[in-house]
Amino acid sequence: MLNRLLPDVYIFTDHYTGSESGKSPGYGISLVTKMTTGCILSSECAATHLGASELQLPEDLGMQAAMSLLQEIKLGGVVNSTHQGLLFILCALCPEDVSKVSVGKLSSYGIKTLQHIKEFLGVQFSIKLDPATGTALLTCIGSGFQNLYRKVS
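Each residue of the sequence shown is one higher than the one before, counting from 1 in the UniProt record's numbering.
Okay, structure coming up:
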């Protein structure tokens, strides 16, 4: 599917069998893309059991992962929707300076993380929606969190 859309798709495989692959049967796929803006987006899928012992077909799994990656690209932003929460936490913990990030549609996990950050760290994000691109620009002033166990030189 991706080869029909883009001329420069590169596929790398990392195949394990037997004792190298762990004790769980199955397979999965991770797709990673580097955008022209330098951002890296990804999607992952793992085979699920359809019946008693029948696994999802590899072709169906690949199609599901490709569609998921294309959806992430369509949403825009600098991180996957699944990693929004981590990005927000890192912005909130950075020095007392302004952080700006652009994300696609806010995920429910991202929204909940913003609520927790406000409650626990007292850091509030300003959110400006861009209707033209469907992205959101979030800005905050970091909490200035410092690692107390870090050696001072």
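Glycine residues also receive a C-beta, built at the ideal position from the N, C-alpha and C atoms. Model, not experiment: these values are computed from the prediction.
For the alpha helix (DSSP H) holding residue i, just list the boundary residues, first then last.
{"i": "L90", "result": "84 to 93"}
{"i": "L41", "result": "Counting along the chain, L41 falls outside any alpha helix (DSSP H), though it belongs to the beta strand (DSSP E) covering 40 to 46."}
{"i": "K74", "result": "58 to 75"}
{"i": "F145", "result": "Looking at the DSSP string, F145 is not in any alpha helix (DSSP H), and its letter there is neither H nor E."}
{"i": "F120", "result": "108 to 121"}
If I'm right that residue i touches residue j with Cβ under 8 Å, what's the distance once you round it to whole angstroms?
{"i": "L69", "j": "V103", "result": "Not confirmed; about 17 Å, so no contact."}
Would you tell me roughly how many angstroms separate the C-alpha atoms of residue i and residue j, rounded to the nearest one?
{"i": "K128", "j": "T135", "result": "9 Å"}
{"i": "C91", "j": "K151", "result": "23 Å"}
{"i": "L57", "j": "M67", "result": "16 Å"}
{"i": "C94", "j": "T17", "result": "42 Å"}
{"i": "T79", "j": "S53", "result": "Note that residue 79 is Val in the sequence shown here, rather than Thr. Approximately 35 Å, taken between the alpha carbons."}
{"i": "residue 159", "j": "K118", "result": "Because the chain in this structure spans residues 1 to 153, residue 159 falls outside the shown range and cannot be described."}
{"i": "A65", "j": "K74", "result": "14 Å"}
{"i": "V123", "j": "N147", "result": "18 Å"}
{"i": "R4", "j": "E72", "result": "18 Å"}
{"i": "K112", "j": "T13", "result": "35 Å"}
{"i": "D130", "j": "L2", "result": "28 Å"}
{"i": "A132", "j": "Y149", "result": "45 Å"}
Hey, could you find the ends of the beta strand (DSSP E) residue i is sitting in?
{"i": "K34", "result": "28 to 34"}
{"i": "S126", "result": "126 to 130"}
{"i": "L138", "result": "135 to 141"}
{"i": "S99", "result": "98 to 103"}
Do residue j and residue i have their beta-carbon atoms positioned less than 9 Å apart in this structure?
{"i": "S43", "j": "L31", "result": "yes"}
{"i": "Y10", "j": "L61", "result": "no"}
{"i": "L114", "j": "S143", "result": "no"}
{"i": "S107", "j": "S126", "result": "no"}
{"i": "D97", "j": "I40", "result": "no"}
If we define contact as Cβ-Cβ less than 9 Å, is residue i a contact residue for chain B?
{"i": "Q146", "result": "The displayed structure is made up of one protein chain only, and chain B is not part of it."}
Do the stretch 86 to 95 and the stretch 40 to 47 touch if we need at least three Cβ pairs shorter than 8 Å?
Judged by Cβ distances under 8 Å, the stretch 86 to 95 makes no contact with the stretch 40 to 47, as fewer than three pairs qualify.
Count the CB pairs spanning the stretch 24 to 36 and the stretch 94 to 102 that are closer than 8 Å, and state whether there are at least three.
Contact between the stretch 24 to 36 and the stretch 94 to 102 is absent, because fewer than three Cβ pairs lie under 8 Å.
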